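Residue numbers for the sequence shown follow our numbering, so the first one is 15 and each next one is one higher.
Don't be surprised by glycine CBs; every beta carbon is placed ideally from N, CA and C.
Here the structure is a predicted model, which means the values were calculated and not measured.
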Amino acid sequence: MSYHYPGLIILYGQFYIRVRIPACLRMIARCKEIRYSLQTKIYQEAIEKYHVEFAHLQAFLTIFKDIIMKVNENKQLTLTETDVDKLLLHRLEQIQTFLENNVDEIKSRHKSEADIILLSRDKKEADIRKLMQDMILGYLKGLVDKNKANITLRMIYTQLKNKEIELGLVQQGEKYDWLKAFSTHINHLDHYAQKSVKAIQEEKHYAPTNPKVITLLRTYDSMKTDERIHCSMAATHWKKFFKRYLTMKKNIKGTSNKRLCKLEKCIWLAFALMKREYVEDVTKQDCRQLCELIHRVPKRWQEKIRGDDIFQILTDNPEKALSKTTIQGYLTVFKEYMRYAEREEIISNNLNSAVDVPINVKPFQREPFTAKDLHKMFNSETYIDPRIRKDLPKFWIPIIALYHGCRLNEICQLDVNDIVQEKGIPCISINANAPDKSVKNKGSERIIPLHPKLIEMGFLYYVEYQKRGHKRKLFDLKQIKNGMYGSPVQHWFARYLDSIGITETTKVFHSFRHTFETMATEKRIPPQYQNAICGWTEQGIGQRLYAHKKDMNIMLEEISKINYPINRELSELKKSFMDSFVVRSLRANG
């Protein structure tokens, strides 16, 4: 068990986690290990808890290693014996890295011990003190660059670098000759480096005999082992954590399925550009790289990418790259994701300060359709012919949007059973009561009286036809991979607008919603009823909830005020629908 999950043990049928304290920290921790119960006897539960607890313990030990250095009232940096051990470990890591990365150069005598040793025999005390200060600066700089330094160490690094503080010779509360100890141990490490270089050159094995060097080597090896274990066992893959993030968004914030698909696209792109897989591995430098590279991602990048290599399609042409509005949306989602990771204690540092979201970006404005646009749009010579059975969804969906202000997917996902009766009034129920249905937010669920114009045009004939055909969906549309029914209709409608000369980029299907809002304002429909009909939550939530409690007869009275100067066009379309197979078959069957 411990081979696959180091530190997971079982005692008396109960699972425990046990983590060994590194030798360099035992003097502070006053113990050799941390052990506590996972409060379960079930193996699978223990494994799930193990990953979380192991990550927390490793994060704790990482911080624990870096909290000892302090500055006294005389502006002197006071070092403990443990501080010296940490610096010696840092020095040993430099030696081991040199030996591992330069084996061939050492064998060919292109590199020697002179490239790695620090102290020569003629070094004086002032030189050693300067060496000590440089080592501390290098050590702290490494922690700061890797975002592993706490606030205290960052302050010490800055003050030492700016010469605002100096090295002190006194440990807090007692005398401690760190200079002598450091000089002695550095000499021992230099001797180890010399012997190791010689052993590589002569292709022999060398084992140190100095007790301090042996202890440091054991500690170094154990720390490297812990790092490997932490990376392989405790790291959280972004996709795994993304499932928790989605659960939060859906259950707590009521985010729609369409929005959830967009969130995953944003997070995938962010981690691809950072070349990261695990949340804990993300650094501020990665965030800065993301902010730089995302401006080179092309529009419609999902259609252009082959495999998972986003770097093959990056562009240097600003005209072909994502708009600033899109970039703003992507980075905002990434910041929220990382903020949630920090809240869930997956990461310990706040990385959002390194994410620069474009500001003062003018949002894309959609305009309402004009009366001239509506005349063009519902002209019987160019509009959908309802006598063609497969085109019936395209015939009814724009008309429903025009008279009810509904969102595209709210209409396209309707079930036959969503056309209901409330106090004898035909209504449309906008809801998310099935897995294939979604709403923008919880406030978007509502019941709207059916506009009299649709009843006049024969819409209830169509509903009855679908019901007799034992259809579940009101419109025969296919659900695409992002969970939406509306995309095919949206693409068709965009092409239709172009074909009739409505080519403004600000006029799209969603413009029906703005058209309804404009007409509702002109007809002086009270805001609370506008909100209740359209499902707006940002324009007076209290008013919208109040309107829901109103009598449906008043709601019908208000929505009936919506009227457009296209009665002649709609009359022609009504004639065509009444001559369609739908109506004829219903009349024939009684």
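- For His219, the number of other beta carbons within 10 angstroms of its own is below 16, and it is reported as exposed.
- Here DSSP, grouped into helix, strand and coil, assigns Ser452 to coil.
- Contact between Glu381 and Ser525 holds, since their C-beta atoms are separated by about 6 Å, short of 8 Å.
- Linking Phe392 to Asn331 through their CA atoms gives a straight-line distance of about 40 Å.
- In this structure, the CA atom of Val522 is about 8 Å from the CA atom of Leu511.
- The alpha-carbon of Asp429 is positioned some 41 Å away from that of His309.
- A direct Cα-Cα distance of roughly 33 Å separates Arg509 from Leu307.
- If you look at Tyr475, you'll find it in the alpha helix (DSSP H) that goes 473-482.
- Excluding its 5 nearest sequence neighbours in each direction, Tyr206 has C-beta neighbours in its own chain below 6 Å: Pro222, Val227, listed in chain order.
- Between Val211 and Ser126, the gap from beta carbon to beta carbon is short of 9 Å.
- In the structure shown, the three-state DSSP call for Ser458 is helix.
- Under the DSSP assignment, Leu260 falls in the alpha helix (DSSP H) whose first and last residues are 252-265.
- Cβ atoms of Lys588 and Gly472 come within 8 Å of each other, at about 6 Å.
- The beta carbon of Val434 is closer than 6 Å to those of Cys441, Ser443 in its chain, skipping five residues each way along the sequence.
- Assigned with DSSP and collapsed to three states, Ala221 falls in coil, not helix or strand.
- With a beta-carbon spacing of about 37 Å, Ile200 and Arg290 fall beyond the 8 Å limit used to define contacts.
- DSSP, reduced to helix, strand and coil, places Glu572 within a helical segment of the structure shown.
- Remark: C-beta atoms of Phe29 and Lys46 do not approach each other more closely than 9 Å.
- Counting along the chain, the unbroken alpha helix (DSSP H) around Glu536 starts and ends at 525-536.
- Contact between Cys305 and Leu345 is confirmed by a C-beta separation of about 7 Å, below the 8 Å threshold.
- In the three-state DSSP reduction, Ala335 falls in the strand class (E or B).
- For Cys426, no beta strand (DSSP E) encloses it; the enclosing alpha helix (DSSP H) starts and ends at 422-426.
- Contact check for Pro372 against Lys334 fails: the beta carbons are separated by 9 Å or more.
- Of the candidates Thr519, Thr517, Ile402, Ile573, Ile573 places its Cα closest to the Cα of Pro541.
- As computed with DSSP, Asp429 is found in a beta bridge with Lys487.
- Secondary structure note for Ser590: its alpha helix (DSSP H) is the uninterrupted segment 581-592.
- Tyr351 and His418 have their C-alpha atoms some 35 Å from each other.
- Judged by beta-carbon spacing, Lys390 lies within the 9 Å limit of Ile516, meaning their Cβ atoms are closer than that value.
- For Phe29, the enclosing beta strand (DSSP E) has its first and last residue at 28-34.
- One Cα belongs to Ile341, the other to Leu283, and the distance between them is close to 11 Å.
- Measuring C-alpha to C-alpha distances from Gln110 to each of Gln544, Ala415, Leu231 identifies Leu231 as the nearest.
- If the five residues before and after Gln379 are omitted, its C-beta is found closer than 7 Å to the C-beta atoms of Thr520, all from its own chain and listed in chain order.
- When C-alpha distances from Pro579 are compared across Ile411, Lys386, Ile568, Asp405, the shortest belongs to Lys386.
- Each of Lys121, Lys100, Leu274 was checked against the Cα of Met146, and the nearest Cα belongs to Lys100.
- According to DSSP, Ile444 shares a beta bridge with Arg460.
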